[in-house]
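Report on the following structure.
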Amino acid sequence: MKIQVRLFATLRQLAGWPQQALELPSGATVADALAELDRRFPQLTVSTRTIYVAVNQEYARGTQPLQEGDELAIFPPVSGGAANDASQV
Amino acid sequence: MKIQVRLFATLRQLAGWPQQALELPSGATVADALAELDRRFPQLTVSTRTIYVAVNQEYARGTQPLQEGDELAIFPPVSGGAANDASQV
Amino acid sequence: MDIPDTPRKLFEITDQPLSLDDAAARVARPDCGAVVTFAGIVRGETTTEEGPRSTDFLNYEAYGEMAERQLARIGDEIKQQWPKVASVCILHRTGRLEVGEPSVIIAVATPHRGDGCFEACRFAIERLKAAVPIWKQENWSDGSVWIEGPTQPELSAGADT
Amino acid sequence: MDIPDTPRKLFEITDQPLSLDDAAARVARPDCGAVVTFAGIVRGETTTEEGPRSTDFLNYEAYGEMAERQLARIGDEIKQQWPKVASVCILHRTGRLEVGEPSVIIAVATPHRGDGCFEACRFAIERLKAAVPIWKQENWSDGSVWIEGPTQPELSAGADT
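Residue numbers (my numbering), protein chains in the order written: chain A, 995 to 1083; chain B, 995 to 1083; chain C, 883 to 1043; chain D, 883 to 1043.
This is the structure:
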């Protein structure tokens, strides 16, 4: 099955692309997709980095099964909002 | 001595004037000024009404002595601010 | 929210329409990342114990010189209570106000959002309603009345006369 | 603060400049007399443990569709927690922001000021910073870095992989 992978912020910059199709075996989970991405794009360092994952724009766990056509977004901890000082603002 | 009396809101409407000079004996207090106003302008009902008094733009008590040229403001409990519902807003 | 070249008044009684963006610009500081504002708006519909009531417009009257002095004092009180507050602006409009227009706008700027901007803004509107010499006249289709706020015994001249 | 004829979005990710008056107009309701707003502003000077630091500009990137959905969810959470809140608007800007510009604006309208508008506005900015997929890149004279917020363990995909 084929899913769409979207990357944001640091991850997008590390990979050099914002969106790409990924072929996965039927029945694959979010964790399987991350392992496949780690193999194909080691510069993403998804296995050692703190990342959030969303499937079809909802936060998801590694155990979640994926479906054909799903949108899998991978991104670092969010830092929107108030101002330019992540630790204090 | 002569002081300036200023009235606001309901009191201004009851009296029909916003500002007027008032002649008082030397040494008169705020309470003396209110008694004189009550005598000369009974429609103000200052003796029975809840009023605030300011002398030279500072809240004042009845015991405060007045000086020549003082500005004595008399007004009802304030109702500025949020919205059109004094009791709840 | 440009920072103006010439400082504008932080505590002002005015007959001109009020703007939140304008108030926020007046408190803007290069080291402030958080601005909280409060706007008091003229309501068209009010729920009362006697059921819904409809307002046509309001008239606000102020003892302008004293009111601005009292507003500045609220600013001083805020800086004592929340020392990280960098700037406070309180604007109150006078004259005729239509439904939907703001009668009062408060803006408080702090470096970070946890530095008291929410608390200080709330404090300002409570203090304003208690002690700043401004009065509103409510106007309905069938008449008008001057609204008197709740009595503040410590401000009443009668307390010791 | 005119009430617009056509409703504007209450939860929006946009590359256009943000305005407090605009956000307040979006939450305006005839029965609401209180509007509280929060604006997060790009600071030019920040005090850090290593001393003062100067920012040139910020870049914000968002996962727009998901971010707007998460913002709307914050609005739902607010209405559950503060049932008297009549309307919530949350706007976040993306792209390049200069010092002094607001990156996020929140507006909350209630009938009266004691109906939760201050508390709900504060809640919204806390939730936004924790869960809405937006990232900022800080740019100084000598480089830039993507800021990562504190980790929310309950959102991390690795929690049970």
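Don't be surprised by glycine CBs; every beta carbon is placed ideally from N, CA and C.
Does residue i get closer than 9 Å to chain B when you measure Cβ to Cβ?
i: alanine 989 (chain C); result: no
i: leucine 900 (chain C); result: no
i: glutamate 943 (chain C); result: yes
i: alanine 1012 (chain C); result: yes
i: lysine 966 (chain C); result: no
Hey, is residue i's beta-carbon within less than 9 Å of any beta-carbon in chain D?
i: phenylalanine 1002 (chain A); result: yes
i: proline 1071 (chain A); result: yes
i: aspartate 903 (chain C); result: yes
i: glycine 1074 (chain A); result: yes
i: asparagine 1006 (chain A); result: Note on identity: in this sequence residue 1006 (chain A) is arginine, with asparagine being the wrong assignment. Judged by the 9 Å Cβ criterion, arginine 1006 (chain A) is in contact with chain D.
i: alanine 1067 (chain A); result: yes
Could you tell me the alpha carbon to alpha carbon distance between residue i and residue j, rounded to whole angstroms?
i: glutamate 894 (chain D); j: valine 986 (chain D); result: 10 Å
i: glycine 1063 (chain B); j: alanine 906 (chain C); result: 39 Å
i: alanine 916 (chain D); j: glycine 957 (chain C); result: 20 Å
i: leucine 892 (chain D); j: isoleucine 988 (chain D); result: 10 Å
i: leucine 1005 (chain A); j: threonine 1044 (chain A); result: 11 Å
i: arginine 1034 (chain A); j: glycine 926 (chain D); result: 40 Å
i: glutamine 1082 (chain A); j: proline 1070 (chain A); result: Bear in mind that a pLDDT of 39 at glutamine 1082 (chain A), under 50, signals an unreliable position, so the number given afterwards is only what the model happens to contain. So the two alpha carbons sit approximately 18 Å from each other.
i: glutamine 1019 (chain D); j: leucine 973 (chain C); result: 36 Å
i: tyrosine 1053 (chain A); j: cysteine 1003 (chain C); result: 35 Å
i: glycine 977 (chain C); j: glutamine 1014 (chain B); result: 22 Å
i: aspartate 997 (chain D); j: isoleucine 1029 (chain C); result: 22 Å
i: phenylalanine 939 (chain C); j: phenylalanine 1005 (chain C); result: 27 Å
i: arginine 975 (chain D); j: isoleucine 997 (chain B); result: 58 Å
i: glutamate 959 (chain D); j: alanine 1029 (chain A); result: 35 Å
i: glycine 1047 (chain A); j: arginine 1000 (chain A); result: This sequence places valine at residue 1047 (chain A); glycine is not what is there. So the two alpha carbons sit approximately 10 Å from each other.
i: serine 1020 (chain A); j: glutamine 962 (chain D); result: 40 Å
i: serine 1041 (chain B); j: asparagine 941 (chain C); result: 27 Å
i: leucine 979 (chain C); j: threonine 896 (chain D); result: 33 Å
i: alanine 921 (chain D); j: leucine 1018 (chain B); result: 54 Å
i: glutamine 1051 (chain A); j: proline 1012 (chain A); result: 15 Å
Can you give me the start and stop residues for the beta strand (DSSP E) that residue i sits inside?
i: glutamate 932 (chain C); result: It is not in any beta strand (DSSP E) - glutamate 932 (chain C) carries neither H nor E in the DSSP assignment.
i: glutamine 998 (chain A); result: 996 to 1001
i: glutamine 1013 (chain B); result: 1013 to 1017
i: threonine 896 (chain C); result: 893 to 896
i: glutamate 980 (chain C); result: 977 to 980
i: valine 967 (chain D); result: Segment: none, valine 967 (chain D) is in no beta strand (DSSP E) and carries neither H nor E.
i: leucine 1066 (chain A); result: 1065 to 1069
i: glycine 1025 (chain D); result: 1025 to 1029
i: glutamate 1020 (chain D); result: 1016 to 1022
i: glycine 922 (chain C); result: 916 to 923
Need the endpoints of the alpha helix (DSSP H) that residue i sits in, please.
i: isoleucine 960 (chain C); result: 946 to 963
i: valine 909 (chain C); result: 902 to 909
i: alanine 989 (chain C); result: Premise fails: alanine 989 (chain C) lies in the beta strand (DSSP E), 984 to 992, not in any alpha helix (DSSP H).
i: leucine 1028 (chain B); result: 1024 to 1034
i: leucine 1010 (chain D); result: 999 to 1013
Looking at chain C, is there any beta carbon in it that lies within less than 9 Å of the beta carbon of residue i?
i: phenylalanine 893 (chain D); result: no
i: glutamate 1052 (chain B); result: yes
i: threonine 1044 (chain B); result: yes
i: alanine 1048 (chain B); result: yes
i: arginine 995 (chain D); result: yes
i: alanine 1009 (chain B); result: no
Check the C-beta distance from residue i over to residue j and give it rounded, since I have them as a contact under 8 Å.
i: proline 993 (chain C); j: valine 981 (chain D); result: About 14 Å separates the two Cβ atoms, so there is no contact after all.
i: aspartate 903 (chain D); j: serine 901 (chain C); result: 6 Å
i: isoleucine 923 (chain D); j: proline 984 (chain D); result: 5 Å
i: methionine 948 (chain D); j: proline 1015 (chain D); result: 5 Å
i: alanine 1003 (chain A); j: tryptophan 1022 (chain D); result: No, alanine 1003 (chain A) and tryptophan 1022 (chain D) are not in contact; Cβ-Cβ is about 18 Å, not under 8 Å.
i: valine 918 (chain C); j: cysteine 971 (chain C); result: Not quite, the Cβ-Cβ distance comes to about 11 Å (not below 8 Å), so this is no contact.
i: glycine 1074 (chain A); j: alanine 944 (chain D); result: 7 Å
Check whether the Cβ of residue i lies closer than 9 Å to any Cβ atom in chain A.
i: isoleucine 960 (chain D); result: no
i: glutamate 947 (chain D); result: yes
i: isoleucine 956 (chain D); result: no
Can residue i be considered in contact with the ligand SAH, in the sense that its beta carbon sits closer than 8 Å to one or more heavy atoms?
i: glutamate 1065 (chain B); result: Annotation note on the ligand SAH: not contained in the displayed structure, which lists no ligands.
Exercise. Is there contact here, the region 952 to 970 of chain C with the region 995 to 1014 of chain C, by at least three beta-carbon pairs under 8 Å?
Worked result: Segment contact: the region 952 to 970 of chain C against the region 995 to 1014 of chain C, three or more CB-CB distances shorter than 8 Å; contact assigned.
Exercise. Between the region 908 to 926 of chain D and chain E, which residues of the former have a C-beta closer than 7 Å to a C-beta of the latter?
Worked result: In the displayed structure, chain E is absent; the protein chains listed are A, B, C and D.
Problem set entry | Inter-stretch contact (C-beta, 8 Å, three-pair minimum) for the region 1023 to 1030 of chain A and the region 1051 to 1070 of chain A | Under the three-pair Cβ rule at 8 Å, the region 1023 to 1030 of chain A counts as touching the region 1051 to 1070 of chain A.
Problem set entry | Cβ contact check for the region 934 to 944 of chain D and the region 932 to 946 of chain C: 3 or more pairs under 8 Å | With a cut-off of 8 Å, the region 932 to 946 of chain C and the region 934 to 944 of chain D do not count as touching, because too few Cβ pairs lie within range.
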